[in-house]
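Trainee: Quick one: the structure is below, and I'll ask about it shortly.
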Amino acid sequence: MAKKVEYSVEEKLRAMYDLQLIDSRIDKIRSVRGELPLEVEDLEDEVEGLDFRINKINEELSELENGIKEKQNKIEESKAMITKYNDQQKNVRNNRAFESLSKEIEFQELEIQYSEKQINELKAEIEEKKEKLEETTTLKDERKAHLDHKKDELNSIMKETEKEESALMKKSEEFEKRLMIPYSSHIKKFDRV
17 MAKKVEYSVE EKLRAMYDLQ LIDSRIDKIR SVRGELPLEV EDLEDEVEGL
67 DFRINKINEE LSELENGIKE KQNKIEESKA MITKYNDQQK NVRNNRAFES
117 LSKEIEFQEL EIQYSEKQIN ELKAEIEEKK EKLEETTTLK DERKAHLDHK
167 KDELNSIMKE TEKEESALMK KSEEFEKRLM IPYSSHIKKF DRV
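Each residue of the sequence shown is one higher than the last, beginning at 17 in the working numbering.
What follows is the structure in structure tokens.
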């Protein structure tokens with residue numbers, strides 16, 4: 017049969033005081049880290065967001081470049097149509113067919129001008145996106161360097177305090193168990209209810 021150990025009020029108070037000192041020291045160790053873990057997490061989120069933004073800009077650049085290629089193809093098609101209509105004009109027998117082909121040539125020339133205008137607009141938009149990409153990449157690199165520095169700082173603090181913190185945590189658990197022994201019979205009764 018297990019022997020019940022009775023602790024005096026003084027021993028209980030001493031154990032509570034020791035537990036409080038240990039927990040205070042653990043809190044002090046954790047406060048040395050301060051906001052650093054949250055700061056590291058925020059920086060990681062920010063770098064991730066910048067990566068997403070960079071990928072989005074690259075996708076937009078790709079779409080704009082595809083738009084330019086489409087417009088260039090349209091210009092080539094219009095030039096081919098103009099050549100075809102010019103050849104047909106040479107073999108026309110009446111004025112009405114000649115005028116119709118002239119209108120088609122004029123329309124294709126307008127299509128070329130419009131496509132060239134759109135290409136210029138797309139090129140300007142590409143330049144803007146490239147500038148934005150460069151700015152975002154620079155910002156990401158700065159944030160990444162800052163993140164690496166903060167991670168190193170946090171790891172350094174963690175290494176310095178890790179052994180002490182784990183030893184104090186074990187002591188805290190031991191003192192907590194010692195304090196709970198006198199109350200364990202009451203807790204068991206309470207759990208049954």
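Glycine included, every Cβ here is placed at the ideal spot set by N, Cα and C.
If you're wondering where the values come from, they're calculated on a predicted model, not measured in any experiment.
#1: Please go through the same chain and pick out, in chain order, the residues whose beta-carbon is closer than 7 Å to the beta-carbon of residue 184, but skip the five residues on each side of it.
#2: Do residue 154 and residue 70 have their CB atoms nearer than 8 Å?
#3: Can you give me the start and stop residues for the alpha helix (DSSP H) that residue 63 sits inside?
#4: Note down, in chain order, each residue of its chain lying with its Cβ closer than 7 Å to the Cβ of residue 188, except the 5 sequence neighbours on either side.
#5: Look at the alpha carbon of residue 132 and the alpha carbon of residue 87, and state the distance between them as a whole number of angstroms.
#6: Suppose the cutoff is 8 Å on Cβ atoms and the five residues either side in sequence are ignored; what does the same chain contact list for residue 173 look like?
#7: Using beta-carbon positions only, say whether residue 56 and residue 156 come within less than 8 Å of one another.
#8: Taking DSSP as the reference, what is the three-state secondary structure of residue 110?
#9: Is it buried or exposed for residue 14, if we count other Cβ within 10 angstroms and need 16 for buried?
#10: Are the beta-carbon atoms of residue 163 and residue 59 separated by less than 8 Å?
#11: Quick one: is residue 86 near chain C, going by C-beta distance under 8 Å?
#12: Helix, strand or coil for residue 40 per DSSP?
#13: With a Cβ-Cβ cutoff of 8 Å, do residue 84 and residue 138 count as a contact?
Mentor: According to the structure data:
#1: 38, 41 and 42
#2: no
#3: 52-106
#4: 35, 38, 39 and 42
#5: 7 Å
#6: 48, 49 and 52
#7: no
#8: coil
#9: Since the first residue shown for the chain is 17 and the last is 209, residue 14 is missing from the structure and cannot be characterised.
#10: yes
#11: Absence of chain C from the displayed structure is noted, only one protein chain being present.
#12: helix
#13: yes
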